[in-house]
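Peer 1: Before we start, here is the structure in question, set down as structure tokens.
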Amino acid sequence: MSTQLQTHFLTERFDSLTFKENVERSMSQESSNGDCEYSIAEAEDKNEILDLARKYFNLDEPLNEYIGLTGPDGRCPDLEAYMIASLDEGTSVKATCDGKLVAFSMNGIVYSQDESEKSYVDNPKFQKILDFLNYNSLACDIFKRYPNADKAMSVKIVSVDPCMRGKGVATKLVEKTREIAKDLGCKLMFVECTSHFTALIMQRLGFEKIYSLDYADYKVDEEVVFKPKKPHSTYTVYTQEL
Ligand SMILES: CC(C)(COP(=O)(O)OP(=O)(O)OC[C@H]1O[C@@H](n2cnc3c(N)ncnc32)[C@H](O)[C@@H]1OP(=O)(O)O)[C@@H](O)C(=O)NCCC(=O)NCCS
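In the UniProt record's numbering, the protein residues as written are 1 to 242.
See below:
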């Protein structure tokens, strides 16, 4: 999950739409991978994305799971607002199988001049997660490390239906995101990994680990806040110059 997203897409809307058409055209030509089709997620996909998130991501992302973010219905309005904030940018990717949504990567462009401001939400559990992300965002300070990058593609949220996991679907979503980032002129892409499995994907795709923090070392009032189950022992940030 990433906290650095800002909604600059209104000013970039025209450019995005133009690029979006180009990207869609190139993706439709070669987007079949195994049983899945990969394409840009649209505003009309919102409800299906939220349905899938309520079944899986809201419950089983390592921090969400540890903290018991939602009740059994999997709903969390604050997380869901955060999740779909960048959907209109045309930078998120979905995977469908026989027309059914099975995975998504919610992505957005972050700009170097964006201030990393602390966000406040109603849900105290989600607030803990946002505070953690914000803490790391300040500590990591990505654009300071890449002074020549004026914007970067951020992978915010990746979720795959459990019946499709371990088959390279998330890897393909990240690869598609990287194609979009290049088409949109991003010179940098970064992924903040709360899951060990996402970190494996980034390593495999040749990203560089620039930051890590063991969950055991993140304390508030001298208490460890997150103790997600193994193998999710460390939060990491991976980058790649494009
Ligand atoms: C993390 C997640 C998106 C990965 O999706 P996926 O489609 O299974 O990922 P991939 O098949 O592309 O594989 C990712 C890597 O993790 C490994 N992996 C995935 N699930 C695994 C499991 N349960 N046990 C062991 N290894 C696993 C794969 O072998 C692969 O490693 P490799 O490249 O060295 O072979 C998926 O597990 C998920 O939705 N998890 C819950 C939500 C979440 O944690 N999201 C990410 C937050 S940063």
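Glycine residues also receive a C-beta, built at the ideal position from the N, C-alpha and C atoms.
Compare the beta carbon distance of residue 58 and residue 36 with 9 Å and say whether it is the shorter of the two.
Peer 2: no
Peer 1: Give me the Cα-Cα distance between residue 241 and residue 144, rounded to the nearest whole angstrom.
Peer 2: Roughly 14 Å between the two C-alpha positions.
Peer 1: Let me know the secondary structure DSSP gives residue 134 once reduced to three states.
Peer 2: helix
Peer 1: Can you give me the C-alpha to C-alpha distance between residue 112 and residue 186, rounded to a whole angstrom?
Peer 2: Distance between the alpha carbons of residue 112 and residue 186 is about 11 Å.
Peer 1: Among 173, 177, 51 and 127, which residue has its Cα nearest to the Cα of residue 226?
Peer 2: 127
Peer 1: Between the C-alpha atoms of residue 124 and residue 101, what's the straight-line distance to the nearest angstrom?
Peer 2: 30 Å
Peer 1: Which residue comes first and which comes last in the beta strand (DSSP E) that contains residue 100?
Peer 2: It spans 100-111 - the beta strand (DSSP E) in which residue 100 sits, taken as one unbroken run.
Peer 1: Whole angstroms are fine: how far does the CA of residue 40 sit from the CA of residue 25?
Peer 2: Residue placement at residue 25 is flagged as unreliable, the pLDDT there being 40, under the threshold of 50; the coordinate-derived value follows with that caveat. Their Cα atoms are separated by approximately 10 Å.
Peer 1: When the Cα atoms are used, what is the spatial distance from residue 219 to residue 213?
Peer 2: 11 Å
Peer 1: Tell me where the beta strand (DSSP E) around residue 183 begins and ends.
Peer 2: That residue, residue 183, is in no beta strand (DSSP E); its alpha helix (DSSP H) goes 169-183.
Peer 1: Verify the contact flag: residue 160, CB atom, against every heavy atom of ligand 1, threshold strictly below 8 Å.
Peer 2: yes
Peer 1: To the nearest angstrom, report how far apart residue 89 and residue 180 are at their CA atoms.
Peer 2: 11 Å
Peer 1: Do you know whose CA, among 105, 135 and 160, lies nearest residue 93's CA?
Peer 2: 105
Peer 1: Examine ligand 1 and report whether any of its heavy atoms sits within less than 8 Å of the Cβ of residue 56.
Peer 2: For ligand 1, at least one heavy atom lies less than 8 Å from the Cβ of residue 56.
Peer 1: First and last residue of the alpha helix (DSSP H) that includes residue 85?
Peer 2: Run containing residue 85: none; DSSP gives neither H nor E here.
Peer 1: Does ligand 1 have even one heavy atom less than 8 Å from the beta-carbon of residue 108?
Peer 2: no
Peer 1: Take residue 197 as the anchor and find which of 38, 62 and 50 has the nearest alpha-carbon.
Peer 2: 62 is the residue among 38, 62 and 50 whose C-alpha sits nearest the C-alpha of residue 197.
Peer 1: Based on the DSSP output, what are the partners of residue 186 in its beta bridges?
Peer 2: Paired residue(s): none; residue 186 is not in a bridge.
Peer 1: Does DSSP put residue 18 in a helix, in a strand, or in coil?
Peer 2: The pLDDT assigned to residue 18 is 39, lower than 50, so where the model puts this residue is not dependable; a value taken from the coordinates is nonetheless given after this. Reduced to three states, the DSSP call for residue 18 is helix.
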